[in-house]
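All the letters of the sequence shown, read from the start, carry residue numbers 42 to 177 under our numbering. Beta carbons are placed, not taken as given, at the ideal position from N, Cα and C, and that holds for glycine.
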Amino acid sequence: MTPRRLATAAAFAAAALQAAPSLAHHSFAMFDFSRTMTLKGVVKELQWTNPHVILWVEAPSAAGAMPEIWSAELTSPGNLTRNGWSKRTLKPGDKVLVDISPLRDGGKGGGFRRAVLQETGQVFTSDLRNQGRPSS
Numbered sequence: 042m043t044p045r046r047l048a049t050a051a052a053f054a055a056a057a058l059q060a061a062p063s064l065a066h067h068s069f070a071m072f073d074f075s076r077t078m079t080l081k082g083v084v085k086e087l088q089w090t091n092p093h094v095i096l097w098v099e100a101p102s103a104a105g106a107m108p109e110i111w112s113a114e115l116t117s118p119g120n121l122t123r124n125g126w127s128k129r130t131l132k133p134g135d136k137v138l139v140d141i142s143p144l145r146d147g148g149k150g151g152g153f154r155r156a157v158l159q160e161t162g163q164v165f166t167s168d169l170r171n172q173g174r175p176s177s
């Protein structure tokens, strides 16, 4: 094969690899799924973006201290939409109870388990680890 053909073949191979959808996914090892922590607070934002939606909750901290901002990682917008969610499901100002699997490092975040709107009692769930897996 000539050097020119080899370079052309390599360029096509590189382009094909970049165009193929990625099957890789980050690990959920950062979350302690053996524990559940409940946050009582107010929705700051539902960040409806790929690859994962993030729910930001402002929760009271120790008496007299400033409220803390916590993050709860959900699955992708597409998976949530298929399960009845929308980008307006949880709105800024909504009072919520949010169950998370906390971060192992003690940070202010975790893997989302469920949210309960305090005003109505409506429950929203999402299983971060099982969403997006191919059906058997």
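Report task. Please confirm if the region 142 to 150 is in contact with the region 117 to 125, defined as three or more CB-CB distances below 8 Å between the two stretches. Result -> no
Query - CB contact flag (LEU96, LEU138, <8 Å) - result: Start at 1 with the first residue of the sequence shown, and residue 96 comes out as number 55. Start at 1 with the first residue of the sequence shown, and residue 138 comes out as number 97. No, they are not a contact pair.
**Report entry** Residue from PRO101, PHE72, SER75, VAL164 with nearest C-alpha to LYS85
**Finding:** Position 44 of the sequence shown, counted from the first residue, corresponds to residue 85. Answer by Cα proximity: PRO101.
Query raised in the report: Quick one: is VAL164 buried, meaning 16 or more other Cβ sit within 10 Å of its Cβ, or exposed?
Result: Walking along the sequence shown from the start, residue 164 turns up at place 123. Classification of VAL164: exposed, given that the 10 Å Cβ count is below 16.
Requested in this report: Answer with buried or exposed for PRO62, where buried requires no fewer than 16 other C-beta atoms within 10 angstroms of its C-beta.
Outcome: On the sequence shown, residue 62 is found 21 positions in, with the first residue counted as 1. Interpretation of PRO62 is limited by its pLDDT of 41, a score under 50 that renders its predicted location unreliable; the figure taken from the coordinates is listed afterwards. So PRO62 ends up on the exposed side.
Query raised in the report: Between the C-alpha atoms of HIS93 and THR77, what's the straight-line distance to the nearest angstrom?
Result: To locate residue 93, count along the sequence shown from 1; it is residue 52. To locate residue 77, count along the sequence shown from 1; it is residue 36. The straight-line gap from Cα to Cα measures roughly 20 Å.
Query raised in the report: Going by other Cβ atoms of all chains shown within 10 Å of its Cβ, with 16 needed for buried, is ALA104 buried or exposed?
Result: Indexing the sequence shown from 1 puts residue 104 at position 63. Result: exposed.
Query raised in the report: Would you say GLU160 and LYS136 are within 8 Å of each other, going by their C-beta atoms?
Result: In the sequence shown, counting from the first residue as 1, residue 160 sits at position 119. In the sequence shown, counting from the first residue as 1, residue 136 sits at position 95. Contact flag set, yes.
Requested in this report: Note down the Cα distance separating PHE53 from ASN91, rounded to an integer number of angstroms.
Outcome: The residue labelled residue 53 in the question sits at position 12 within the sequence shown. The residue labelled residue 91 in the question sits at position 50 within the sequence shown. Residue placement at PHE53 is flagged as unreliable, the pLDDT there being 46, under the threshold of 50; the coordinate-derived value follows with that caveat. C-alpha separation (whole angstroms): 28 Å.
Query raised in the report: SER142 and ARG154 look like a contact to me (Cβ under 8 Å); what is the Cβ gap, rounded to whole Å?
Result: Working through the sequence shown from its first residue, we reach residue 142 at position 101. Working through the sequence shown from its first residue, we reach residue 154 at position 113. Correct: roughly 6 Å between the Cβ atoms.
Requested in this report: Can you tell me which of TRP89, VAL157, LEU158, GLY151 puts its alpha carbon nearest to the alpha carbon of ALA70?
Outcome: Position 29 of the sequence shown, counted from the start, is the residue given in the question as residue 70. A check of alpha carbon separations from ALA70 across TRP89, VAL157, LEU158, GLY151 identifies GLY151 as the nearest.
Query raised in the report: With VAL83 and GLY134 assumed to form a contact (beta carbons below 8 Å), what rounded beta-carbon distance in angstroms separates them?
Result: What you label residue 83 is simply residue 42 of the sequence shown in a count that begins at 1. What you label residue 134 is simply residue 93 of the sequence shown in a count that begins at 1. Yes, VAL83 and GLY134 are in contact; Cβ-Cβ is about 6 Å, under 8 Å.
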